[in-house]
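For reference, the structure discussed in these notes is given below.
Number of protein chains: 2
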Amino acid sequence: MWTLSTSSLDRLADPETAVTMRPVSTYHHGHLREALVAAAVELGREKGPDGIVIREVARRTGVSHNAAYRHFADRDELLREVATYGMDQLSATMLKRVRRVRVTDPVERARRRLREVGKAYVEYALAEPGLFAVAFYPVTLPDLSGPYQLLTDALDECLEAGFMSAEKRPGAELPCWAGVHGFSLLYGSGPMRDVPRRQRDADLAQLLDRIEDSLRA
Amino acid sequence: MWTLSTSSLDRLADPETAVTMRPVSTYHHGHLREALVAAAVELGREKGPDGIVIREVARRTGVSHNAAYRHFADRDELLREVATYGMDQLSATMLKRVRRVRVTDPVERARRRLREVGKAYVEYALAEPGLFAVAFYPVTLPDLSGPYQLLTDALDECLEAGFMSAEKRPGAELPCWAGVHGFSLLYGSGPMRDVPRRQRDADLAQLLDRIEDSLRA
DNA sequence: GGTCGATGTGGACATTGTCAACATCGAGTC
DNA sequence: GACTCGATGTTGACAATGTCCACATCGACC
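Chains as they are written, first to last, in the working numbering: chain A, 1 to 217; chain B, 1001 to 1217.
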């Protein structure tokens, strides 16, 4: 029953339930909550927030409509779960890219790290426009501290390396965030969504150049 | 019958139909299309894209459900109409603010105009978050040439005035647009929506400062 | 005065979120 | 080892919605 691409569950199943895994009788599912979230994530990935439909989630999980109400108060709570999943993936994507930077020169490393933070943000938003939209769905709003902290760290490093002027540091997060966030939406689901990849990459590079220019000491 | 706040119809009713206005028998409405769009705009203003519900629009217009189908192929077409209305208002807001600039020094005037373009964009997005969301709803996407042209003009002026370095001019629209667009969403319906007005204004001022810094020769 | 196409109406259907009542199962208790 | 009880699923129902079809009504033109 309930076949699942385990990969998409990696971050969902907590170790405890993972141990208790049993093949399941037809009635009590055993891991319904996780299975439902996994199905909801898949729907969100395919069709965005509006595509996350309780009854379809139940159908894909091979369970009756209404079963979800034993695990989520309402649709919004399920949405919030998917949003958190997306935000976690965004954090992970950013962290991975930042860690890949192998430069010793402090200034160059700070610049590169800030750039990778921005690139990763956009990369995830464009790779998963549906989940990104869910993560920023007005009713949803999961914890943002992961991505925000990575940006803060990158900016601090720019300051320490002397790449950024000190009087620009306070509140510098916002202009940077707004830039990549706006870019993500314009190119991910907005009016620029059909711009070919080459052009889009060039535009992103230019955006990151301008952000650097704006911070430079 | 069909009471309407005429003010909200100003930009909708075309002169021709306006002349033909008649008090109407109960059946054939006479200006149903305009009345429906007006009601849809009001709903969009109150609750955003998801709030624009055909049956509610019909109810508010005092007409049967289904009546709308004589004027719009489906809900999306009605949405598109509202989106166009919002985009027109955005253009108007921007134009108004740009025109208010009364500075003679060319450099200072170019800077101020670019700034007002950005301020107006954010101002409208924050004043009408629902309509702004409709205007950028993925399925919608009305004509953007109005706002875009105003930005282009402002940047051209910055170049001519010598405030912006020439090699940064090509493609300069994008970074600017992304910045104000991202800001609008983060503060209008996103994670920053509860930031108090004072703080928000300061953040916007800083964003515009950084944009100027990024373009400076 | 009569006809006909445009415009509204009423009814129907499938889909959805959600509630209430009922069914089933496994973990403790005697 | 049988029993009970709370957690977990299921069935059925309801109202709201987008959309389709058949029918009603009206005004412009012959």
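Built from N, CA and C at the ideal position, the CB exists for glycine as well.
Using a beta-carbon distance below 9 Å, is residue 1217/B in contact with chain A?
no
For the alpha helix (DSSP H) holding residue 1104/B, just list the boundary residues, first then last.
Run containing residue 1104/B: none; DSSP gives neither H nor E here.
Where the alpha helix (DSSP H) through residue 69/A begins and ends
Where residue 69/A is concerned, there is no enclosing alpha helix (DSSP H), given that its DSSP letter is neither H nor E.
At a CB distance below 7 Å, what residues from the region 37-69 of chain A approach chain B? Give them in sequence order.
none
Any beta carbon of chain B sitting closer than 9 Å to that of residue 132/A?
no
With a cut-off of 8 Å on the beta carbons, I'd call residue 1195/B and residue 1151/B a contact; round off their distance for me.
Not confirmed; about 25 Å, so no contact.
Closer than 7 Å at the beta carbon, the chain B residues around residue 203/A:
1171 and 1174
Going by DSSP in three states, residue 1192/B sits in which element: helix, strand or coil?
coil
Within-9 Å CB hit, residue 119/A to chain B:
no
Could you check whether the Cβ of residue 1213/B sits closer than 9 Å to any Cβ belonging to chain A?
yes
Is there at least one Cβ from chain B nearer than 9 Å to residue 30/A's Cβ?
no
Can you check which of these residues, 1203/B, 1169/B and 1172/B, is closest to residue 177/A by C-alpha distance?
1203/B
Counting only C-beta atoms, is residue 168/A closer than 9 Å to chain B at any point?
yes
Please identify the residue among 1078/B, 1138/B and 1096/B whose C-alpha is closest to the C-alpha of residue 1124/B.
1096/B
Can you give the Cα-Cα distance for residue 1146/B and residue 1088/B, rounded to whole angstroms?
8 Å
Against chain B, does residue 180/A count as a neighbour if the rule is that its beta carbon must be under 9 Å from one of theirs?
yes
Where the alpha helix (DSSP H) containing residue 54/A begins and where it ends
54-60
Whose C-alpha, out of 1201/B, 1173/B and 1187/B, is nearest the C-alpha of residue 1211/B?
1173/B
What number of angstroms, rounded off, separates the C-alpha of residue 157/A from the C-alpha of residue 206/A?
22 Å
Put residue 1121/B into one of helix, strand or coil per three-state DSSP.
helix
Could you give the DSSP three-state label for residue 1169/B: helix, strand or coil?
coil
Taking the DSSP output, what are the residues bridged to residue 1216/B?
1164/B
Rounded C-alpha distance that separates residue 185/A from residue 1182/B
8 Å
For residue 1146/B, which three-state DSSP category applies?
helix
Does the separation of the CB atoms of residue 1126/B and residue 1200/B fall below 9 Å?
yes
Using a Cβ-Cβ cut-off of 6 Å (strictly less than) and excluding sequence neighbours within five positions of residue 28/A, which residues of its own chain qualify?
none
Looking at chain A, which residues of the region 1185-1198 of chain B have a Cβ within less than 7 Å of any of its Cβ atoms?
1185, 1186, 1189, 1190 and 1191
Cβ separation of residue 62/A and residue 133/A, assumed to be a contact under 8 Å, to the nearest whole Å:
Residue 62/A to residue 133/A, Cβ: 27 Å. No contact.
Specify the secondary structure class of residue 1034/B as computed by DSSP and reduced to three states.
helix
State the Cα-Cα distance for the pair residue 981/B and residue 1093/B, rounded to the nearest angstrom.
Outside the displayed span of chain B (1001 to 1217) sits residue 981/B, for which this structure offers no information.
Is the distance from the Cβ of residue 1053/B to the Cβ of residue 1081/B below 9 Å?
no
Please identify the residue among 26/A, 46/A and 160/A whose C-alpha is closest to the C-alpha of residue 108/A.
160/A
Only counting the same chain, and skipping five residues up and downstream in sequence, which positions put a Cβ closer than 6 Å to that of residue 1129/B?
1188 and 1189
Using 8 Å for Cβ pairs, my map puts residue 1098/B next to residue 1111/B. What's the rounded Cβ distance?
About 12 Å; that fails the 8 Å criterion.
With a Cβ-Cβ cutoff of 9 Å, do residue 44/A and residue 86/A count as a contact?
yes
With distances taken Cα to Cα, identify the nearest neighbour of residue 131/A among 40/A, 33/A and 32/A.
40/A
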